[in-house]
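When we follow the working numbering, the leftmost residue of the sequence shown carries the number 75, and every step to the right adds one.
Glycine is no exception: its CB is placed at the ideal position from the N, C-alpha and C atoms.
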Amino acid sequence: MHGFEVIRKDCLKNKKVLVRVDFNVPIENGTIRDDSRINNALPTIEFLKRAGAKIILISHLGKTSHFNQNQSLRNIAEEVEKKYSSRVVFIDDCLCENAAPIISDSSIDDIILMENLRFHPEEEECDLAFARRLANLADFYINEAFSASHRKHASIFAVPQFLPHALGLSFVKEIQTIDGFFSNAISPKMCIVGGVKLSTKINLLKNLVKKVDKIALGGGIAGIFLSFVRNSSFKILDSEKYGEDIAEILENSKQYGCELILPVDFSTSADGKKVASSALVTSENGESVIFDIGPDSVELFKHHIRESKTIMWNGPIGLFEKPPFDSGTIAIAREISRLTKEGELISITGGGDTSFAMNKFGISQDLSHVSSAGGAFLSYLEGTELPGIAAMRDGYSLQE
């Protein structure tokens, strides 16, 4: 980010600006379940409106390589129109011959929304010819899709090769927030890491254990560590597979002075199925599936949260979608929310499931920062350079 040349908004007047947003939002029965990714782009949209630019939005929706009505961005056009307070002109195919004339003929006050990029396989193939055709529609490019920038796709990585470019305002806020957690945040620093699959969090834990004061583990990840350090075994776990990785993390936790906090009890299903009946087991139990942390673990986590000044949370610590196995995640979220509102804590949460949980529990507005990014948030925390950032090294920064 440092060293970017500034481009002021008056330089973009009447320019066609291609904005890569991430409108990959969950839709159920025609209703958007979480609109945070649409909201994320609003600061950049408002900046471009003030600049007098013509705004062209490009995005993907879902996993596809051909037309699918259920994954058409036309399904969210009305919501975009409402959120951005502008008439939306929808273009059925981002590569159709009349795309350029439609853009030219539209009002400066309109917002152009192009159809799902992934209806063209060239998008995920990072095809240069496809990227050039997209770039030919505009004078300038902005990446406002942090949550998609861990993908080396044409609209993320290749389009900036053909246009002057900048990162969006919310994108910049995302990376500054994460960078600030590691470089400037007040200690003690604590991370909460949850989720089922340790394979997706190994690199994250290896990076965090060298940089923070405490790491609390939840979900299946906690079970794997317990299986390793206490010689217990849970049905969903395979601690032997990750033995070397866990041993390395444990050794580094001692070397770097990072305290690992493991649950002492869990909530599980009373009949072994994912139903709303629960039973408590200790962390020594070898015949249970982990659905949530238990009440003693909740109090243990709360104790360490109260001792901390900065929290980074990635991954729910239980099966929060199915009560009563949401109780651990809710209790921890409410404690973090309370301390943040009281000015005692800086709180950062990220990961698709984590942000969805914070929205579901109605506390997102109480936290310092809630990222809607999943894989990108995780990759950036791991210290991996995102393709979406690598492509912007010689870019601009937006300024009024």
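Under 7 Å Cβ to Cβ from residue i, same chain only, skipping five residues before and after it: list those, please.
| i | result |
| --- | --- |
| residue 206 | 236 |
| residue 245 | 217, 218, 220 |
| residue 174 | 211 |
| residue 166 | 189 |
| residue 284 | 326, 330 |
| residue 323 | 279, 280, 283 |
| residue 240 | 81, 216, 469, 470, 471, 472 |
Under 8 Å, Cβ to Cβ, is there at least one residue of chain B near residue i?
| i | result |
| --- | --- |
| residue 455 | The chain labelled as chain B is not found in the depicted structure, where only one protein chain is given. |
Taking all protein chains shown into account, decide if residue i is buried (16 or more other Cβ within 10 angstroms of its Cβ) or exposed.
| i | result |
| --- | --- |
| residue 331 | exposed |
| residue 454 | buried |
| residue 242 | buried |
| residue 260 | exposed |
| residue 91 | buried |
| residue 105 | exposed |
| residue 103 | exposed |
| residue 390 | buried |
| residue 225 | buried |
| residue 80 | exposed |
| residue 315 | exposed |
| residue 417 | exposed |
| residue 171 | exposed |
| residue 377 | exposed |
| residue 114 | buried |
| residue 82 | exposed |
| residue 476 | The chain is shown only over 75 to 474; residue 476 falls outside these bounds and no answer can be derived. |
| residue 467 | exposed |
| residue 436 | exposed |
| residue 179 | exposed |
Got a sec? Which residues, its chain only, sit under 6 Å from residue i by beta carbon, not counting five neighbours each side?
| i | result |
| --- | --- |
| residue 148 | 164 |
| residue 204 | 196, 228 |
| residue 371 | 337, 338, 339 |
| residue 462 | 217, 223, 230 |
| residue 421 | 385, 410, 414, 441, 442 |
| residue 201 | 228 |
| residue 408 | none |
Per DSSP, residue i forms a beta bridge with which residues?
| i | result |
| --- | --- |
| residue 164 | 187 |
| residue 325 | Paired residue(s): none; residue 325 is not in a bridge. |
| residue 388 | 267, 424 |
| residue 102 | 105 |
| residue 471 | 80 |
| residue 95 | 218 |
| residue 260 | Note: residue 260 sits in no beta bridge, so no partner. |
| residue 290 | 266, 335 |
Can you give me the C-alpha to C-alpha distance between residue i and residue j, rounded to a whole angstrom?
| i | j | result |
| --- | --- | --- |
| residue 184 | residue 162 | 6 Å |
| residue 98 | residue 271 | 23 Å |
| residue 107 | residue 160 | 22 Å |
| residue 138 | residue 169 | 17 Å |
| residue 411 | residue 440 | 6 Å |
| residue 293 | residue 128 | 46 Å |
| residue 125 | residue 182 | 11 Å |
| residue 475 | residue 188 | There is no way to answer for residue 475, as the model of the chain reaches only from 75 to 474. |
| residue 233 | residue 380 | 46 Å |
| residue 325 | residue 373 | 26 Å |
| residue 86 | residue 152 | 26 Å |
| residue 465 | residue 459 | 10 Å |
| residue 298 | residue 426 | 22 Å |
| residue 350 | residue 275 | Reliability of the predicted coordinates at residue 350 is poor, the pLDDT of 48 falling under 50, and the value obtained from them is presented with this limitation in mind. Taking the straight line joining both Cα atoms gives about 28 Å. |
| residue 318 | residue 385 | 27 Å |
| residue 100 | residue 329 | 42 Å |
| residue 76 | residue 469 | Confidence is the limiting factor: at residue 76 the pLDDT is only 46, short of 50, which leaves the residue's position unreliable and the question unanswerable from this model. |
| residue 310 | residue 327 | Because the pLDDT of residue 310 is 48, which lies under 50, any placement of that residue in the model is unreliable, and the number read from its coordinates should be weighed accordingly. Straight-line Cα distance between these residues: approximately 25 Å. |
| residue 286 | residue 266 | 11 Å |
| residue 382 | residue 194 | 47 Å |
| residue 24 | residue 289 | The requested residue 24 is not part of the displayed model; the chain covers only 75 to 474. |
| residue 158 | residue 118 | 11 Å |
| residue 429 | residue 446 | 6 Å |
| residue 423 | residue 251 | 10 Å |
| residue 388 | residue 209 | 35 Å |
| residue 121 | residue 214 | 14 Å |
| residue 264 | residue 256 | 11 Å |
| residue 302 | residue 296 | 10 Å |
| residue 474 | residue 123 | 12 Å |
| residue 84 | residue 116 | 19 Å |
| residue 145 | residue 109 | 16 Å |
Counting only the same chain and skipping the five closest in sequence on each side, list residues whose C-beta sits under 8 Å from that of residue i.
| i | result |
| --- | --- |
| residue 281 | 455, 456, 457 |
| residue 393 | 348, 365, 366, 399, 400 |
| residue 335 | 288, 289, 290, 291, 374, 375, 378 |
*Whole runs of the beta strand (DSSP E) within the stretch 188-258, excluding any shorter than 3 residues*: Runs found: 214-218, 239-241.
*Length-filtered (3 minimum) beta strand (DSSP E) runs lying within the stretch 117-152*: 128-132
_alpha helix (DSSP H) runs wholly inside the stretch 406-454, at least 4 long, in chain order_ = 426-434
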